[in-house]
Amino acid sequence: MRNDIFGILRAAQVDPDNCEISDVSFPGGGAQATVTHKPSGSKTEIWRDHDDSQLFLARMTIGQAYFADHGPVGWTTILVALGQWGQEADYEATTPDLWSQLKELPVILSAGSYDESSNNPFTPDERVEIAAQLDQVLRQLEAQGKLLPGLKEAVEEAKKATGRMVRKDWVMLFVGQVVSTAWTAAVPPDVIRHALIVVLTGIGHMFGVGGPPSVITA
26 MRNDIFGILR AAQVDPDNCE ISDVSFPGGG AQATVTHKPS GSKTEIWRDH
76 DDSQLFLARM TIGQAYFADH GPVGWTTILV ALGQWGQEAD YEATTPDLWS
126 QLKELPVILS AGSYDESSNN PFTPDERVEI AAQLDQVLRQ LEAQGKLLPG
176 LKEAVEEAKK ATGRMVRKDW VMLFVGQVVS TAWTAAVPPD VIRHALIVVL
226 TGIGHMFGVG GPPSVITA
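Using the numbering used here, the first residue of the sequence shown is number 26, and each one after it goes up by one.
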């Protein structure tokens with residue numbers, strides 16, 4: 026059983042060294058196995074069905090959040106689900122905490138509404154900086170295969186609007202365009218969060234929020 030678990034994790038391109046398996050004693054008994062993905066704290070608990078010893082059940086979490094329940098099903102089905110769980114756990118461990126970053130956005134939006142400079146147009150240097158932030162978002166989404174129809178057009182329109190709108194109006198336009206595109210093009214929520222976070226936290230310093238502008242890399 027332990028070799029099966031490590032085998033499916035390797036097949037799913039999950040480093041088995043990042044996982045710990047405990048309490049494996051299925052043959053002839055009903056003990057529970059716990060697989061822990063150490064970098065993310067994710068867990069999968071597997072146990073034998075009480076009514077049919079050939080079937081198993083599993084409960085999976087990603088981080089501290091519920092992920093999935095499986096069973097009663099055969100061992101092969103449990104292994105397939107375990108591989109998918111391992112991939113999600115890897116993603117959780119290696120992806121920035123977008124939700125915590127998203128908490129900064131209301132501060133930026135509020136500053137954009139009430140800051141003394143919010144009715145001023147962007148300076149030429151600020152327009153260049155915003156364009157660089159927007160281009161960074163497009164490059165990242167394209168590299169991830171997530172540059173869906175409509176999103177590029179919305180970003181390009183936002184770039185042009187920096188030359189004709191004051192700051193607070195532009196922020197509202199940008200947020201509105203991105204959210205509207207999400208609804209009409211069925212863009213996944215994580216893509217929208219990423220676009221908002223990268224751009225609005227990147228320009229937050231223009232509204233007195235956060236530190237200096239981040240360095241834009243190709």
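Think of the CB as a built atom: it goes at the ideal place given N, C-alpha and C, for glycine as much as any other residue.
Taking 8 Å as the limit between beta carbons, can you name the residues of its chain near residue i, skipping five residues before and five after?
| i | result |
| --- | --- |
| Leu-172 | Leu-163, Leu-166 |
| Leu-9 | It is not possible to answer for residue 9, since the shown part of the chain is limited to 26 through 243. |
| Gly-108 | Ile-33, Leu-34, Ala-36, Ala-37, Val-39 |
| Asn-145 | Val-191, Arg-192 |
| Asp-29 | Trp-100, Leu-104 |
| Gln-169 | none |
| Pro-41 | Phe-31, Leu-34, Arg-35 |
| Leu-80 | Arg-73, Asp-74, Gly-96, Pro-97, Val-98, Gly-99 |
Using CA atoms only, rank isn't needed, just tell me which of the options is closest to residue i.
| i | options | result |
| --- | --- | --- |
| Leu-104 | Ile-87, Glu-117, Thr-119, Thr-69 | Thr-69 |
| Trp-110 | Gln-89, Gly-96, Met-85 | Met-85 |
| Asp-48 | Asp-42, Gln-57, Pro-41 | Gln-57 |
| Gly-66 | Glu-117, Glu-178, Thr-148 | Glu-117 |
| Glu-181 | Gly-170, Asp-194, Gln-169, Ala-157 | Ala-157 |
| Asp-150 | Val-196, Glu-113, Ile-228 | Ile-228 |
| Gly-188 | Arg-152, Glu-113, Met-231 | Arg-152 |
| Met-9 | Ala-179, Ala-114, Leu-159, Phe-147 | The structure shown has nothing for residue 9, since the chain only spans 26 to 243. |
| Asp-77 | Pro-97, Val-224, Val-200 | Pro-97 |
| Ala-179 | Gln-161, Ser-205, Val-224 | Ser-205 |
| Thr-102 | Gly-88, Thr-119, Ala-83 | Ala-83 |
| Asp-160 | Val-224, Ala-90, Thr-119 | Val-224 |
| Val-196 | Ile-71, Lys-177, Ile-155 | Ile-155 |
Start and end of the alpha helix (DSSP H) containing residue i?
| i | result |
| --- | --- |
| Asp-29 | 27-36 |
| Gln-158 | 149-168 |
| Val-39 | Neither: Val-39 is in no alpha helix (DSSP H) and is coded neither H nor E. |
Among all the DSSP beta bridges, which residues are the ones paired with residue i?
| i | result |
| --- | --- |
| Ile-46 | Val-60 |
| Phe-81 | Arg-73, Val-98 |
| Val-191 | Pro-146 |
| Ser-67 | His-62 |
| Ile-87 | Ala-90 |
Specify the secondary structure class of residue i as computed by DSSP and reduced to three states.
| i | result |
| --- | --- |
| Gln-95 | The sequence shown places His at residue 95, not Gln. Here His-95 sits in strand by DSSP. |
| Pro-146 | strand |
| Lys-171 | coil |
| Ile-103 | helix |
| Ile-228 | coil |
Sorted by chain position, which residues of the same chain lie with C-beta nearer than 6 Å to residue i's C-beta, five sequence neighbours on each side aside?
| i | result |
| --- | --- |
| Ala-106 | His-95 |
| Phe-92 | Met-85, Thr-86 |
| Glu-113 | Ile-87 |
Please go through the same chain and pick out, in chain order, the residues whose beta-carbon is closer than 7 Å to the beta-carbon of residue i, but skip the five residues on each side of it.
| i | result |
| --- | --- |
| Asn-43 | His-62, Lys-63, Pro-64 |
| Glu-45 | Thr-61, Lys-63 |
| Gln-202 | Ala-179, Glu-182, Ala-183 |
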